[in-house]
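K.L.:
Numbering (our numbering), first residue to last: 744 to 1846.
Just so you know, even glycine gets a beta-carbon here, dropped at the ideal spot from N, CA and C.
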């Protein structure tokens, strides 16, 4: 490109014009430069591409822009690796009489120079009127040997000599001479010059692609005269003579249109290179099977992996996680989460899939878009493993194509080294080239990650012998075959054990030590069985739990010590924190080394406490009457706003009332009683705030808390009801806060930052103006968050971030900046160090007082001497509770460790409300005693693992399409086991439920006499249509089945992904009665492929 007024190259004379140049070039290291001096604007875009004639990008582009007049600029491009590049150069001259200046070009990298003489490569000089010191050479062979491009054009309709060849085309070869080309065959290759013009071959060269076969011969044979290797097998077309006899490397006798002439799985070129006969299917080289550098989904011993040739496809594993685990800009982090198993997924699904293209989206790589194996959605990963069979493909440069919403992390091991690629959200087609010098079977691994939004993934391949881009595994479209990763199949000693697996173990030195029928480690499992079970044949206890592999049969049922039914690859089959080896299933607790518990049940005695918790608390996990005390929430701060704003808990978190906030007149408190904190209109700067202090530290230590209060909202706006400050939390020290509501009517509950997933829970449509409402915002130690309004749980979510440390500053009625002040009144605000029990929340919503901090003597224990030397104890008791007497000679140890007084345990509450007990003095001189209140054993408990004794099922409709069934569910969707992967659950059919059904399930009779209240809890898996199907709970008098209290609905609009714990207070009308609890399910007339409702672990206890 020259400067005006009209030298060589492009004439830039005049104003108001645009120029565009497009060309491709090869650069060995991907580092090159650009310079220009042009009036007015210049933009250059360099993009790495797949090949000289394949413009699909293999990475992101780099750009340079200059909008200054007559200023020379430069750009240095560094792509981190060489290959082919496409370049677009746009030049715009706006006019105004200024001279256009050019001198542009690409060249070898020369640091920061703007001197045109320093830019090698595409040569040019800065002499006025001269466009190039060394004109660029046109790349005709695609081998990447030229500097750049030569741009030329002609009028295809201008043919002055009438020889059917455009004059301009002829003059490309013979400038100014139209006599050389014509109707004849100038290069004597058997193709006329006009035909060569039409075919696009060079009429002056007999063998344009230099493959040893001239253009006419190739045209007759059907090979491509512009491609030296038409079938992409690594052999020139000219040496593939098609005779069927291999003579030499220059006369292979193979078919130039078949990459594997003898169909033996090895390409012709590979066989010739390895000195085998490419025409003889019995003469073929060993195909390298590369070992994976990663640990596959189905883990075996290192060095023993190979393709599972019995099936086509890839190993597919879909994991689902809590929110916040999978991130859309953390490709490697998502890979590490999936592969490491930390944190453990909520659920995992394994399958063999035919190819690597799933979810709706993308389509730049593949349009296969197969459905997700386990539903997809959000917060999940998919891992693909497989062997890519490149044994029939030629050496050369190929490309891996990745696309996804959100991330991919890819690894493949080849004979030539490892190929890696990754991307964050969300490219359509990211390309990574790789070169193989030898074919083989190559293991690959990819983890796709999805945080939220669209969910799709494509993994593709392109290159020699593949038309376009295809999904890996899409063999119908031309993909190399793929196989799941299994074990190498070679078995030279015929013992049914792959040789590679045998010698992979440290204690095995040769193939004689293991055999299909032998048992090398004497664990009761044959070596062949250990291969299939993935256990270690040289270790009698692979998982180290103290049980021999042979006894861990994996059935899920404990028969005896020789058939425990446990998993030989998992030392804690039921996941309760106790090793399978100590859970002897004897039913008797003998100590921490023999707990007597079931290795298949996290709560063996069904008392609501997991086995490990009971063992660690020194209680009996096999006795439902031996239960640890339940930690009770401790009041950390409490303001009743009755004439003051001091902390009524006694912890010192007193509030200072600021701005326009005041204490309301008497009668404006909650439920129309007492006083409250009146903040006036929304956003008027009113608030109350505490100083720094330690009062919230226990909540941080517990990683749990609850905030309870009443509010009277007079105006909707962008407001905050409370704000507990945590300096390290994002979102303005947002440790624990709630908007009740924000201006859009939505309640936002934030903890440990802002503003999504694991730190935020929302609910709309629950705030009413000009009436008192009760709110509770809470989370437990596991990060399960809840919002309660007027005694009803309206929102919940698991996976909350751990709490951040608080500094003690508490703002009531505003945010951290003292803006967004609440519009209305707030009363009875209290903060606790643990979540509140549902029954306590209902009590508070019914108007019960918060009260003060727990008393030192909440039971009012009195000790009186008796005439005979005994002592009489009396204390306040609650109907339904049990009491233990504890003794200790001093106060130096915690009361939890005191000894139990013999014959003074499990004392039932007296109906009068006061218990008395006379005991002998437990100490010769001085000593101490205490009374411990505890919940009694469950009134009813059934984990359903021992059958359906006492249960009743009823069909209320006339069709009988559905009935309650006990067993392992197998529906199209929904659960595939009971809660906690147990065997049994009550389900609305073990498969899918039917239409127009009305069915009931009733418990055995449950005695509720002698208790003041009771709580029903159960695990439910809801998987119905979400709108037309309903479920309710009824409490019936066992003697006449009359209903006691109102129906309690089960929310069937929820689609559970695992069993969910549900709690229901037994209605007052049922207390004191012998009752049946009825679960009723009703389906509408639409035919759905859902499992319906499954129930497990039904428990009734005193709350």
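What is the DSSP secondary structure of residue 1381, reduced to helix, strand or coil?
P.N.:
Residue state, collapsed to three classes: strand.
K.L.:
Only counting the same chain, and skipping five residues up and downstream in sequence, which positions put a Cβ closer than 7 angstroms to that of residue 1291?
P.N.:
Within the same chain, residue 1291 has close Cβ partners 1266, 1267, 1283, 1284.
K.L.:
Run through the DSSP bridge pairs and tell me what residue 1837 is partnered with.
P.N.:
Its beta-bridge partners are 1730, 1764.
K.L.:
Using the C-alpha atoms, what's the distance from residue 1771 back to residue 698?
P.N.:
Missing from the structure shown is residue 698; the chain here goes from 744 to 1846 and no further.
K.L.:
To which residues of the same chain is residue 1261 closer than 6 angstroms at the C-beta, ignoring the five residues directly before and after it?
P.N.:
1270, listed in sequence order.
K.L.:
Within 10 angstroms of its Cβ, does residue 837 collect 16 or more other Cβ (buried), or is it exposed?
P.N.:
Counting Cβ neighbours within 10 Å, residue 837 comes out exposed, since fewer than 16 surround it.
K.L.:
Per the DSSP calculation, residue 1617 is bridged to which residue(s)?
P.N.:
DSSP output for residue 1617 lists 1605, 1659 as bridge partner(s).
K.L.:
Jot down the residue ranges of each uninterrupted beta strand (DSSP E) in the stretch 953–1014, minimum 3 residues, whole runs only, in chain order.
P.N.:
The stretch 953–1014 contains no whole beta strand (DSSP E) run of 3 or more residues.
K.L.:
First and last residue of the beta strand (DSSP E) that includes residue 1582?
P.N.:
That residue, residue 1582, is in no beta strand (DSSP E); its alpha helix (DSSP H) goes 1581–1588.
K.L.:
By the DSSP assignment, the beta strand (DSSP E) with residue 1467 in it spans what residues?
P.N.:
Looking at the DSSP string, the run of the beta strand (DSSP E) that includes residue 1467 is 1465–1468.
K.L.:
Using the rule of at least 16 other Cβ atoms within 10 Å of the residue's Cβ for burial, across every protein chain shown, is residue 891 buried or exposed?
P.N.:
Confidence is the limiting factor: at residue 891 the pLDDT is only 36, short of 50, which leaves the residue's position unreliable, though a coordinate-based value still follows. The residue in question, residue 891, is buried, as its Cβ has 16 or more Cβ neighbours within 10 Å.
K.L.:
Between the Cα of residue 1141 and the Cα atoms of 1042, 1281, 1174, which residue gives the shortest distance?
P.N.:
Nearest C-alpha to residue 1141: 1174.
K.L.:
In angstroms, rounded to a whole number, what distance separates the CA positions of residue 1135 and residue 1180?
P.N.:
Distance between the alpha carbons of residue 1135 and residue 1180: 13 angstroms.
K.L.:
Where does the unbroken alpha helix (DSSP H) through residue 1473 begin, and where does it stop?
P.N.:
Residue 1473 -> alpha helix (DSSP H) spans 1473–1476.
K.L.:
Helix or strand or just coil, what does DSSP make of residue 1792?
P.N.:
In the structure shown, residue 1792 sits in a strand (DSSP, three-state: E or B).
K.L.:
With a threshold of 8 angstroms on Cβ separation, who are the neighbours of residue 1075 within its own chain once the five nearest residues in sequence on each side are excluded?
P.N.:
Counting only Cβ-Cβ distances below 8 angstroms, and skipping sequence neighbours, we find 1152, 1165.
K.L.:
Which of the three DSSP states is assigned to residue 1638 in this structure?
P.N.:
In the structure shown, residue 1638 sits in a helix (DSSP, three-state: H, G or I).
K.L.:
Which value, in whole angstroms, describes the spacing of the CA atoms of residue 1156 and residue 1171?
P.N.:
Cα-Cα distance, rounded: 24 angstroms.
K.L.:
For residue 1397, which of 1426, 1424, 1432 has the nearest alpha-carbon?
P.N.:
It is 1432.
K.L.:
Could you say which of 1026, 1452, 1447, 1504 lies nearest to residue 1381 if we only look at CA atoms?
P.N.:
The option with the nearest alpha carbon to residue 1381 is 1452.
K.L.:
Just to confirm my understanding: we take residue 1840, look at its own chain, exclude 5 residues before and 5 after, and list those with CB closer than 7 angstroms. What are they?
P.N.:
Closer than 7 angstroms at the Cβ level, and outside the excluded window around residue 1840, lie 1686, 1722, 1761, 1762.
K.L.:
Let me know if residue 1227 comes out buried or exposed under the rule of 16 or more other beta-carbons within 10 Å of its beta-carbon.
P.N.:
Answer is buried; the Cβ neighbour count reaches 16.
K.L.:
For residue 910, does the three-state DSSP call read helix, strand or coil?
P.N.:
Three-state result, residue 910: helix.
K.L.:
What is the residue span of the alpha helix (DSSP H) that residue 1131 lies within?
P.N.:
That residue, residue 1131, is in no alpha helix (DSSP H); its beta strand (DSSP E) goes 1123–1132.
K.L.:
Is the beta carbon of residue 1296 less than 8 angstroms from the beta carbon of residue 1287?
P.N.:
Not a contact, by the Cβ cut-off of 8 angstroms.
K.L.:
What three-state label does DSSP hand residue 709 in the structure shown?
P.N.:
With the chain represented from 744 up to 1846, any question about residue 709 goes unanswered, as that position is not in the structure.
K.L.:
With distances taken from CA atoms, which of 1577, 1011, 1712, 1087 is nearest residue 1729?
P.N.:
Of 1577, 1011, 1712, 1087, the residue nearest in Cα terms is 1712.
K.L.:
Could you check where the beta strand (DSSP E) with residue 1358 kicks off and where it finishes?
P.N.:
Taken as a continuous stretch (DSSP letters only), residue 1358 belongs to no beta strand (DSSP E), being part of the alpha helix (DSSP H) at 1354–1359.
K.L.:
Give me, in chain order, the residues of the same chain whose beta-carbon lies closer than 8 angstroms to that of residue 761; leave out the 5 immediate sequence neighbours on both sides.
P.N.:
Here the set comprises 833, 834, 835, 836.
K.L.:
Tell me residue 1261's beta-bridge partners as DSSP assigns them.
P.N.:
Paired residue(s): none; residue 1261 is not in a bridge.
K.L.:
Check whether the Cβ atoms of residue 1717 and residue 1764 lie closer than 8 angstroms to each other.
P.N.:
Contact: yes.
K.L.:
With burial defined as no fewer than 16 other Cβ atoms inside 10 Å of the residue's Cβ, what is the status of residue 1654: buried or exposed?
P.N.:
Counting Cβ neighbours within 10 Å, residue 1654 comes out exposed, since fewer than 16 surround it.
K.L.:
Do residue 1425 and residue 1566 have their beta-carbon atoms positioned less than 8 angstroms apart in this structure?
P.N.:
Yes, Cβ-Cβ distance for residue 1566 and residue 1425 is below 8 angstroms.
K.L.:
What residues match up with residue 1155 in a beta bridge as DSSP calls it?
P.N.:
For residue 1155, which the question treats as bridged, DSSP gives the partners 1162, 1187.
K.L.:
Residue 1213: buried (16+ other C-beta within 10 angstroms of its C-beta) or exposed?
P.N.:
Buried, since its Cβ has 16 or more Cβ neighbours within 10 Å.
K.L.:
State yes or no: is the C-beta of residue 1478 within less than 8 angstroms of the C-beta of residue 1549?
P.N.:
In contact: residue 1478 and residue 1549 (Cβ atoms closer than 8 angstroms).
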